[in-house]
Amino acid sequence: MSDWTTRGLFLMADSFFRGSATTVNFYLALCDSSITPTPEINTLGELAEIPAGNGYTAGGVQLNRDAVDFKSLVEDDASDQVELKIKNIVFTASGGPLPASGTGARWAVLTDDNATVANRQVLAYFNLATDRNAPDTKVFTLPNLQLDLKKPA
């Protein structure tokens, strides 16, 4: 399951309709289950990002604004929605378990590229359904994370 934040929708509309400056890249960060994202979340600092280390970099994985990282964009007239899929994201534990401590990654959050990681604006979030972790040298993959833009009911 995924959802947009109000901040994400605002920034998208501001960019498209007003031509405001947009982020150069996006990031997909991992957060634990101690704080549940809601549409009212504005910045990554309001969530509990997993600790950096053992194969995870603070702020997450960089995504480029292109058709490789955002691999599928579909207009679905039958469902009155647009579907945007992100490429498969692979995390490999290195030098110990990933995350380095804690219960695991429960949420993936799409952010802008603010130089201060805690100030990165959260655009959308994905519920990973269970806490994700990997022992040293093992991987976990986030396949086909999908964002939907739907016509209001």
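Whatever position you read off the sequence shown (first residue = 1), add 12 for our numbering. A virtual CB, placed ideally from N, CA and C, is assigned to each residue, including glycine. All figures in this text were calculated on a predicted structure; none of them were measured in a lab.
Judging by CA-CA distance, which residue of the options is the nearest neighbour of residue i?
| i | options | result |
| --- | --- | --- |
| Val151 | Ser32, Thr48 and Gly107 | Gly107 |
| Asp89 | Asn76, Arg144, Lys162 and Pro109 | Lys162 |
| Ser14 | Phe29, Ala130, Thr48 and Gly65 | Thr48 |
| Ile98 | Ala136, Asp143 and Arg30 | Ala136 |
| Thr55 | Gly20, Thr153 and Asn76 | Gly20 |
| Asn145 | Ser91, Glu58, Gly114 and Ala41 | Gly114 |
| Gly72 | Thr18, Thr34, Phe22 and Ala120 | Ala120 |
| Asp78 | Thr35, Ala127, Thr149 and Tyr68 | Thr35 |
| Leu96 | Phe22, Leu122, Asp26 and Phe103 | Leu122 |
| Ala41 | Phe29, Leu159, Thr69 and Ser27 | Thr69 |
| Leu159 | Lys83, Pro63, Phe28 and Leu59 | Lys83 |
Could you tell me how far apart the beta carbons of residue i and residue j are, in whole angstroms, since I believe they sit closer than 8 Å?
| i | j | result |
| --- | --- | --- |
| Asn100 | Pro147 | Not quite, the Cβ-Cβ distance comes to about 20 Å (not below 8 Å), so this is no contact. |
| Pro109 | Asn66 | 6 Å |
| Ala130 | Gly57 | 3 Å |
| Thr153 | Ala105 | So it is not a contact: roughly 12 Å between Cβ atoms. |
Who does residue i pair with in a DSSP beta bridge?
| i | result |
| --- | --- |
| Glu95 | Val86 and Asp160 |
| Thr55 | Gln133 |
| Asp15 | Tyr137 |
| Thr144 | Reading the sequence as shown, one finds Arg at residue 144 and not Thr. DSSP lists Ala117 as partners of Arg144. |
| Ile101 | Leu154 |
Use the C-beta contact count for residue i: other C-beta atoms within 10 angstroms, 16 or more gives buried, fewer gives exposed.
| i | result |
| --- | --- |
| Gln74 | exposed |
| Ala117 | buried |
| Phe38 | buried |
| Leu85 | exposed |
| Arg132 | buried |
| Glu52 | exposed |
| Glu61 | buried |
| Val102 | exposed |
| Thr17 | buried |
| Asp26 | exposed |
| Val134 | buried |
| Pro164 | exposed |
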